Amino acid sequence: FTGTAVEITPICTVDRLMVGTGRRGPVTEVLQKAFFGLFSGATPDRWGWLDHVDMKAPRSAAMA
Numbered sequence: 001f002t003g004t005a006v007e008i009t010p011i012c013t014v015d016r017l018m019v020g021t022g023r024r025g026p027v028t029e030v031l032q033k034a035f036f037g038l039f040s041g042a043t044p045d046r047w048g049w050l051d052h053v054d055m056k057a058p059r060s061a062a063m064a
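With the first letter of the sequence shown counted as 1, position 56 gets the number 56 in the UniProt record's numbering; the numbers rise by one all the way through.
Written out as structure tokens, the structure reads:
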């Protein structure tokens, strides 16, 4: 599963049956490293997915 709340989470069980070893596998590990690297700034954004926001910019009237 992925989303703003869970980010990238390994699936360890389905219908109470263990998937693989029941722990994060190598594919999930690669995906998590890429995901967190991109959003932490450790990995360059090669796809143009990020919109950088200047936090020092004044707030608009709509945001006040």
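Just so it is clear, CB atoms sit at the ideal spot from N, CA and C, and this is done for glycine as well.
All of these numbers come straight from a predicted model, not from anything done at the bench.
Whose C-beta lies closer than 7 angstroms to the C-beta of residue i among residues of the same chain, with five residues either side of it excluded?
i   : result
L31 : I8
V19 : I11, C12 and T13
Could you check what DSSP says for residue i in three-state terms: helix, strand or coil?
i   : result
L38 : helix
T21 : coil
T13 : strand
Determine the contact status of residue i and residue j, defining contact as a CB-CB distance below 9 angstroms.
i   : j   : result
L50 : F39 : yes
A34 : T21 : no
Quick one: what's got a C-beta closer than 6 angstroms to residue i's C-beta in the same chain, skipping five residues either side?
i   : result
T28 : P10
If I measure Cβ to Cβ from residue i and keep anything under 8 angstroms in the same chain, skipping five residues before and after, which residues do I get?
i   : result
R23 : P10 and C12
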